[in-house]
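Here the structure is laid out as structure tokens; the discussion comes afterwards.
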Amino acid sequence: MRVGSTINVAFRALRRNKLRSVLTALGIIIGVAAVIAMVGIGNGAKAQVEAQIASLGQNIILVFSGSTTASGIRTGWGGAGTLKIEDAEAIRREVPGVTAVSEEVVSTTQVAAGNQNWFTRIYGESADYFDIRQWPLADGTPFTAQDVRSANKVCVIGRTTATQIYGNENPIGQILRIKNVPFTIDGVLTPKGLSAQGVDQDDIVIMPYTSAMKRVVGGTTLRNINVQVADSRQLTAAQQQIIDLLRQRHNIRPGRDDDFTVRNQQEIADAATATTDVMTGLLGAIAGVSLVVGGIGIMNIMLVSVTERTREIGTRMAVGAHGRDILTQFLIEAISLSSVGGILGILLGIAAAKTIALTRHWPALISPASIVIAFLVSAAVGIFFGFYPARKAAALDPIEALRYE
Amino acid sequence: MNNGAVVKLIDVHKTYRTGEMEVHAVRGVSLEIRRGEFVALMGASGSGKSTLMNILGCLDRPTAGRYILDQAEVSELNRDQLADIRNTKIGFVFQNFNLLPRTSARENVELPLLYGTRGLTNAQLKEKADAVLASVGLAGREDHHPSQLSGGQQQRVAIARALINEPEVILADEPTGNLDSRTSVEIMGIFQQLNDRGITIVMVTHEQDIAAYARRNVVMRDGLVRDDRAVERRLDAATQLREPNREEPE
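Those protein sequence lines, which keep their order, are chains A and B.
Counted from 1, the first sequence has number 238 at position 238 by my numbering; the numbering is strictly sequential.
For my numbering, count along the second sequence from 1 and bump the result up by 405.
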């Protein structure tokens, strides 16, 4: 078969000048590696964020104080909140499918014991919080609903806070002065490590929200309400019912905006990953540009190659090569360079993505689809940028070519 | 054995344009070459011999007239058909060898087979190429690259390449132009051996000494054949090679 020998001919020609073949393919290798690495890291970061948000619990709805802009950025942080304790009670009572509710207030303040002190985050929650958040204790017990009703001065602390204040000692039963108010430590939380944003999740103190509002945070409104629904199928319905309930309780007339925001986990994940998606797309596009540059490099070298091998082309024609044979040969040379470059680029990109991910503690997510696409694109680059030089070669006049110096 | 005409040129003209000027390179050549002949086509620069050679080699089409090669009309064929004729019926030997650099002698010789219509395996290609290389005295050098071969050896590789498809005619364009005198005699010896085996050879040369190895001299001047005669005092390369110090023929 003619095509079979042409492939044979093309590979022999590429082998003849290995160094040039490698250097020509280098543009494609780097271009593809860049695309694979950028997209892989971007996807990994996105998956990490999504996993983080998924780990907040199952079937969670968050109700925030204050309205949000379209991109999901909250306004009115920490200012005059609009969520009341009675709102949370109402949700607990009246929205079907709700299995747990946690009223949340947040602050950061000094905690101290003995002569150790530490600046940490204080979360006021209900007793349901540990179930909602799927955050078990490593040691001790969580506070109870009774503790919440009585606003008792009890708390649980995270591993980092425990180590900072108590070192290797067991903190359970000890007194921790929070804003100079003595709290008893009932338990220590299991470690959760760094969040996707780099925050130490174990640097925390959790106490009944009533105690927090009374003694630490002050104020009469909640920052948010965490709601858990029994079943994912009820999620959307429950969201709507919460909105309706709160609008009614807050006397918001039809046509006016809510003074609160209700989001389920998926929406939160989407908002968080929206920026990552744009970044990934942008980086991928820039890397794609380098792929085009690699293609131009191939065209450049093929043109030089055609000129250099003019006598050779003349000889091939003299011994019987058709124009189509020459065209196919040079086209196959270009496609081989770009395809092999693509494969090497994919391997290099995977290696680079994994290496960078290691230093950032992210997984790098290389999807099979991106590998297939990268390979097809590199083959296409070879066809597209190799065509013009191949056509030039095929159009040579054998007599002129044989005379070429 | 068919001793008919392999090459038949009937009133062939070739005119081409260079910019504004028209050049009448060949102005009415009629020529017959029979199977088994050894013709030297001679002439000064500008005589039209190279243009005629290109037409004979099916690298170019005549502007007027007919060219019948091995009883087939080739003057009206298109580019691809001419390429096929070159592949199967013609073997070229060039002054500057025109071997593929950084390629083994064997792969150089295999080249015409790769453009043929029969799909041959790499093993079959190797077998054929090695056989022809042996027949021109290059057994053992099949893997050598042109840079590892002397001028004479490179020309032998080129001759082997020309022979591999068993063509009707070998066309040699100044085959000894880049070789020293002794090597030239060796190459002429190979041509004479091939001719003795019945292979038709047409050789372009401007050197009288080289033309003397052929059997027939055709002389061109200003686009026309001026003289066409048998060689009177033919040189025999084999004899010359046996007596290395002798410059004169017997």
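Don't be surprised by glycine CBs; every beta carbon is placed ideally from N, CA and C.
The segment 165 to 181 of chain A makes contact with the segment 107 to 121 of chain A; the number of CB pairs closer than 8 Å reaches 3 or more. Residue range Ile60 to Ser65 is occupied by the beta strand (DSSP E) that includes A:Ser65. Within chain A, no residue has its CB atom less than 8 Å from the CB of B:Thr420, the nearest being about 15 Å off. Leaving aside the five residues that flank B:Ala643 on each side, the residues in its chain whose CB is nearer than 6 Å to its CB run, in chain order, Gly594. Using a CB distance cut-off of 8 Å, A:Arg360 does not count as an interface residue toward chain B.
One Cα belongs to A:Asn17, the other to A:Arg309, and the distance between them is close to 12 Å. Counted as a single uninterrupted DSSP element, the beta strand (DSSP E) harbouring B:Ser435 occupies residues Met426 to Arg439.
Under the 10 Å beta carbon count, A:Pro182 is surrounded by fewer than 16 other beta carbons and is classified as exposed. For A:Val340, there is no enclosing beta strand (DSSP E); the residue is part of the alpha helix (DSSP H) that begins and ends at Gly323 to Arg360. Listed by position along chain B, the residues whose Cβ is nearer than 8 Å to that of A:Asn8 are Leu519 and Asn527.
Residue A:Tyr404 holds the alpha-carbon nearest to the alpha-carbon of A:Glu312 among A:Gly382, A:Asp128 and A:Tyr404. Counted as a single uninterrupted DSSP element, the alpha helix (DSSP H) harbouring A:Val304 occupies residues Gln265 to Glu308. Around the beta carbon of A:Met38, a 10 Å sphere encloses 16 or more other beta carbons of the protein chains shown; the residue is thus reported as buried. Collapsing the DSSP output to three states places B:Ala410 in a strand. DSSP lists no bridge partner for B:Gln486. Listed along chain B, the residues sitting closer than 7 Å to A:Ile399 by beta-carbon distance are Asn459, Leu464 and Asp465.
Listed along the chain, the chain A residues whose CB falls inside 8 Å of the CB of B:Glu512 are Arg12. By the CB criterion at 8 Å, A:Leu283 and A:Ala33 fall outside the cutoff. DSSP, read as helix, strand or coil, puts A:Pro191 in coil.
Sequence-distant Cβ neighbours of B:Ala577 in its own chain, meaning closer than 6 Å and more than five residues away, are Val498 and Met608. In the assembly as shown, B:Arg566 is a buried residue. Its beta-carbon has 16 or more other beta-carbons within 10 Å. Of all residues in the segment 303 to 332 of chain A, only Arg311, Glu312, Gly314, Thr315, Arg316, Met317, Ala318, Val319, Gly320, Ala321, His322, Gly323, Arg324 and Asp325 come within less than 8 Å of chain B when Cβ atoms are compared, listed by chain position. In the three-state DSSP reduction, A:Glu89 falls in the helix class (H, G or I). In the DSSP assignment, B:Asn527 falls within the alpha helix (DSSP H) that extends over Asn527 to Ser540.
Taking a cut-off of 8 Å for Cβ pairs, the segment 417 to 430 of chain B and the segment 610 to 623 of chain B do not touch, as fewer than three such pairs fall below it. For A:Thr160, the enclosing alpha helix (DSSP H) starts and ends at Arg159 to Tyr166. By the Cβ-count criterion, B:Asp632 is exposed, with fewer than 16 other Cβ atoms from all chains shown falling within 10 Å of its own Cβ. Residue contact with chain A for B:Thr508: present (Cβ-Cβ distance below 8 Å to some residue of chain A).
Counting every other CB atom within 10 Å of its CB across the protein chains shown gives A:Gly281 a total below 16, marking it as exposed. When rounded, the separation of the alpha-carbon atoms in A:Val227 and A:Asn152 is 23 Å. Distances from the alpha-carbon of A:Ser21 to those of A:Pro363, A:Leu337 and A:Gln241 put A:Leu337 closest.
By the rule that beta-carbons nearer than 8 Å mark a contact, B:Gly453 does not touch chain A. Within the segment 377 to 391 of chain A, no residue has its Cβ closer than 9 Å to any Cβ of chain B.
Proximity of chain B to A:Arg16 at the Cβ level (cut-off 9 Å) is accounted for by Leu505, Pro506, Arg507 and Thr508, in chain order. A:Pro136 sits exposed, since fewer than 16 C-beta atoms from the chains shown fall within 10 Å of its C-beta.
When beta bridges are read from the DSSP output, A:Gln228 appears opposite A:Ile60 and A:Ala100.
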